[in-house]
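Working notes, beginning with the structure itself.
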Amino acid sequence: MNSHISLIQNIDALLPQTQCGLCGHRDGCLPYAQAISEGEAANKCVPGGQPVADALAQLLNRPALIAEESIWPIQADGRPQRMKAVIREDECIGCTKCISACPVDAIIGSGKLMHSILTDLCTGCELCIPPCPVDCIDLIPDVDGIPTEILRKAEQDDLRQRYYAHIQREEKQRLHRKCPVVRAEIDTALFAQFSAQNDTIPDIQIIEKEPEMAAKLDAKSTIELAKLRVQIKKLEKQLSVREDTKKRLLLDDLTQHLHQLQEA
Ligand code: SF4
Ligand code: SF4
Ligand code: SF4
Numbered sequence: 017m018n019s020h021i022s023l024i025q026n027i028d029a030l031l032p033q034t035q036c037g038l039c040g041h042r043d044g045c046l047p048y049a050q051a052i053s054e055g056e057a058a059n060k061c062v063p064g065g066q067p068v069a070d071a072l073a074q075l076l077n078r079p080a081l082i083a084e085e086s087i088w089p090i091q092a093d094g095r096p097q098r099m100k101a102v103i104r105e106d107e108c109i110g111c112t113k114c115i116s117a118c119p120v121d122a123i124i125g126s127g128k129l130m131h132s133i134l135t136d137l138c139t140g141c142e143l144c145i146p147p148c149p150v151d152c153i154d155l156i157p158d159v160d161g162i163p164t165e166i167l168r169k170a171e172q173d174d175l176r177q178r179y180y181a182h183i184q185r186e187e188k189q190r191l192h193r194k195c196p197v198v199r200a201e202i203d204t205a206l207f208a209q210f211s212a213q214n215d216t217i218p219d220i221q222i223i224e225k226e227p228e229m230a231a232k233l234d235a236k237s238t239i240e241l242a243k244l245r246v247q248i249k250k251l252e253k254q255l256s257v258r259e260d261t262k263k264r265l266l267l268d269d270l271t272q273h274l275h276q277l278q279e280a
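Dropping the structure here:
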């Protein structure tokens, strides 16, 4: 592993893996880790609070900065209060929008059926709240208490694995998605590149266009080419009898389009 990748990995290991995007990096902790390795300030992780900002400053040998403020009160460990989401299940209409929004796949349910949150897995990232059309998801304080450092590390490792599994699933569904997409598409390429160079996280594969779909597109282009050729022949015949400016322009356009399709 090269030293830059290893630095990103060491930074990522200190981030909470909530994947909330509150640091300004929509796709979560890894893009922020990469940005920090390239010089971005290391105090922007809101759920990590002061302990994470300080640990990063120490790792990077940079001056300590005051951590970005959270809207939640600070716990005894210096981090903001941990929260959990809960669905008011009697109000849920089963639209499934919250499922693809959850980065750690903590929501279960299927179309038109009531959904529930697996509270043990929920990080309180809030990403499921804005997409819910009936506003039936609440955030409540996590009453489980503050985890030990060992437990926190295990939890972070698990969340990282779950996020990579989520990215891979979203990537698979990208081409034939039947459920709603509520989160902007994740930059899968960055995760694929990082996972390929890192043995501790699951590999992310970019899914190429399926042969069946490529064949369908090919068939579509063949039909379009045939139609264009017929139109061009017809116009050439008409223009050989009598010149017409409009038809000449149309012929030029169609011929150009035909060439573009043939080159594609
Ligand atoms: S947990 Fe911290 S680093 Fe990760 S996405 Fe949220 S704010 Fe960014
Ligand atoms: S259930 Fe909602 S708040 Fe909990 S982790 Fe998933 S998206 Fe975040
Ligand atoms: S987004 Fe809201 S209504 Fe839709 S399934 Fe999730 S909780 Fe239920």
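Numbering-wise (the working numbering), the sequence shown opens with residue 17 and increments by one. Heads up, the beta-carbon is just placed ideally off N, CA and C, and yes, glycines get one too.
Environment of residue i [buried if 16+ CB atoms lie within 10 Å]
i, result
"V246", "exposed"
"E84", "buried"
"P89", "exposed"
"Q254", "exposed"
"Q74", "exposed"
"P47", "buried"
"P32", "buried"
"A170", "exposed"
"V159", "exposed"
Cutoff 7 Å; reference residue i; Cβ partners in own chain excluding five residues on either side
i, result
"P147", "K113, C114, A117 and V198"
"G94", "G65, Q66 and P67"
"C141", "T34, Q35, C36 and P119"
"P157", "Q97 and M99"
"A282", "Any answer about residue 282 is impossible in this case: the structure gives the chain only from 17 up to 280."
8 Å CB neighbourhood of residue i in its chain, flanking five on each side removed
i, result
"L244", "L270, H273, L274 and L277"
"S53", "H20, L23, I24 and I27"
"H182", "C118, P119, V120 and D121"
Local conformation of residue i per DSSP, three classes
i, result
"S132", "strand"
"V102", "strand"
"L16", "Because the chain in this structure spans residues 17 to 280, residue 16 falls outside the shown range and cannot be described."
"P218", "coil"
"P96", "strand"
"I145", "coil"
"I223", "coil"
"I8", "The shown model of the chain, from 17 to 280, leaves out residue 8, and the question about it has no answer."
"I52", "helix"
"I115", "helix"
"I7", "What is shown of the chain runs 17 to 280, which leaves residue 7 out entirely."
"I202", "coil"
Ligand 3 heavy atom lying under 6 Å from the CB of residue i
i, result
"I103", "yes"
"K100", "no"
"H131", "yes"
Nearest-angstrom beta carbon gap, residue j and residue i [assumed within contact, 8 Å]
i, j, result
"A208", "I222", "5 Å"
"C108", "C45", "No, C108 and C45 are not in contact; Cβ-Cβ is about 29 Å, not under 8 Å."
"I145", "Q91", "At roughly 21 Å, the Cβ-Cβ gap does not stay under 8 Å, so I145 and Q91 are not in contact."
"L72", "L30", "6 Å"
Any non-hydrogen atom of ligand 1 closer than 6 Å to residue i Cβ
i, result
"Q35", "yes"
"Y180", "no"
"L137", "no"
"L31", "yes"
CB contact check: residue i to chain D, cutoff 7 Å
i, result
"L251", "Structure shown: chain D not included; a single protein chain is present."
Residue i CB to nearest heavy atom of ligand 5 below 6 Å
i, result
"I87", "As for ligand 5, it is missing from this structure, which binds only ligand 1, ligand 2 and ligand 3."
Contact test: residue i Cβ vs ligand 2 heavy atom, cutoff 6 Å
i, result
"I27", "no"
"V150", "no"
"G44", "no"
"C61", "no"
"C111", "no"
Own chain, CB closer than 6 Å to residue i, minus 5 neighbours either side, in chain order
i, result
"I217", "Y180 and S211"
"D2", "Nothing about residue 2 can be read from this structure; the chain reaches only from 17 to 280."
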